[in-house]
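> Under the working numbering, the sequence shown has 127 at position 127, and the numbering climbs by one with no breaks.
The C-beta atom is built at its ideal place from N, Cα and C for all residues, glycine as well.
All values reported here derive from a predicted model rather than from experimental measurement.
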Amino acid sequence: MTYIHELGDGRWVYLDNQGTQTNVTIITTSPGQQQQSSCSFQTGSWTSPPEFSQSAMGGVIKITTAQGEHFIQVQGTSIGMTSGKMPPGTFQQMQTASSSSFSSMPSMEPMKPMEPMKMGDMQMSLDPMEMRMGNMEMRMGSPAASTNPSAPTTRRFCSQCGKPVKPGDRFCSNCGHQLD
Numbered sequence: 001m002t003y004i005h006e007l008g009d010g011r012w013v014y015l016d017n018q019g020t021q022t023n024v025t026i027i028t029t030s031p032g033q034q035q036q037s038s039c040s041f042q043t044g045s046w047t048s049p050p051e052f053s054q055s056a057m058g059g060v061i062k063i064t065t066a067q068g069e070h071f072i073q074v075q076g077t078s079i080g081m082t083s084g085k086m087p088p089g090t091f092q093q094m095q096t097a098s099s100s101s102f103s104s105m106p107s108m109e110p111m112k113p114m115e116p117m118k119m120g121d122m123q124m125s126l127d128p129m130e131m132r133m134g135n136m137e138m139r140m141g142s143p144a145a146s147t148n149p150s151a152p153t154t155r156r157f158c159s160q161c162g163k164p165v166k167p168g169d170r171f172c173s174n175c176g177h178q179l180d
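1. Which two residues bound the contiguous beta strand (DSSP E) that contains R11?
2. Rounded to a whole number of angstroms, what is the C-alpha to C-alpha distance between E165 and M124?
3. Helix or strand or just coil, what does DSSP make of P164?
4. Among the candidates Q34, M81, T47, whose CA atom is the shortest distance from the CA of D9?
5. Taking only three categories from DSSP, how would you classify S48?
6. Relative to the C-alpha of T77, which candidate in M117, R170, G59 has its C-alpha closest?
7. Just grab the DSSP bridge partners of M140 for me.
8. Give me the DSSP bridge partner(s) of R156.
9. Go ahead and label P186 buried or exposed: buried means 16 or more other beta carbons lie within 10 angstroms of its beta carbon, across all protein chains shown.
10. Would you mind sorting P50 into buried or exposed? The rule is 16 or more other CB atoms within 10 Å of its CB.
11. Which one of V74, D180, F41, P128 has the shortest CA to CA distance from P113?
12. Helix, strand or coil: how does DSSP classify Q67 here?
13. Let me know the secondary structure DSSP gives E115 once reduced to three states.
14. Which of the three DSSP states, helix, strand or coil, is assigned to T28?
15. Checking the sheet assignment: what are the DSSP bridge partners for S53?
16. Does the beta-carbon of Y158 have 16 or more other beta-carbons within 10 angstroms, so that it is buried, or is it exposed?
17. In terms of alpha-carbon separation, which member of S55, S48, F41, N23 lies closest to L7?
18. Tell me whether H177 sits in a helix, a strand or coil according to DSSP, three-state version.
See the structure below:
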């Protein structure tokens with residue numbers, strides 16, 4: 001079962017117990033980016049739900065197992081097991097994460113398509129991959145030439161000897177190399 005706690009400022013902590021391992025994940029979201037850091041600790045199987053005590057910088061998670069209490073400190077994107085007893089604080093039981101808890105986390109906006117790159121008279125675009133520089137042009141993976149009769153035809157060359165080949169040729173007429 002996964003537990004979740006909102007730390008604030010776009011930060012969430014997720015906690016899960018798998019066998020004797022306690023997995024802690026911090027997810028930080030901000031406009032245009034999302035970061036995640038995770039750690040696992042050998043704590044033993046939980047005997048009660050985890051509890052959380054919040055501080056200005058993060059907080060402390062209390063895990064209770066048959067072997068005793070374990071404390072995991074969360075600060076910024078750092079996660080670490082603390083040694084010794086923690087001073088009594090105001091620990092609250094963490095809420096159980098459900099699919100609605102995960103969907104309430106802010107989602108990221110998809111990235112916008114990359115604009116064609118330009119430097120002086122050189123221009124590059126990725127859909128289809130093209131590069132123009134002065135009166136030279138290179139195109140890769142462009143189905144436009146075969147489907148659009150008004151599109152400029154691109155000359156083909158043999159990859160073995162470099163001589164020009166016709167679009168329908170299967171073999172180079174100069175060296176006999178099999179064309180793609």
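According to the structure shown:
1. 11-18
2. Reading off the sequence shown, one finds Val at residue 165, where the question assumed Glu. Between V165 and M124, the C-alpha separation is close to 26 Å.
3. strand
4. The residue with the shortest Cα to Cα distance from D9 is Q34.
5. S48 carries a coil assignment under DSSP once its states are collapsed to helix, strand and coil.
6. When only C-alpha atoms are compared, the closest one is G59.
7. According to DSSP, M140 bridges with M129.
8. V165
9. An answer regarding residue 186 cannot be provided, because it is not within the stretch 1 to 180 covered by the chain.
10. buried
11. Ranking the options by Cα distance to P113, first place goes to P128.
12. coil
13. coil
14. strand
15. V60
16. Note that residue 158 is Cys in the sequence shown, not Tyr. Around the C-beta of C158, 16 or more other C-beta atoms lie within 10 Å, and the residue is accordingly described as buried.
17. Looking at the Cα atoms, S55 is the closest of the given residues.
18. coil
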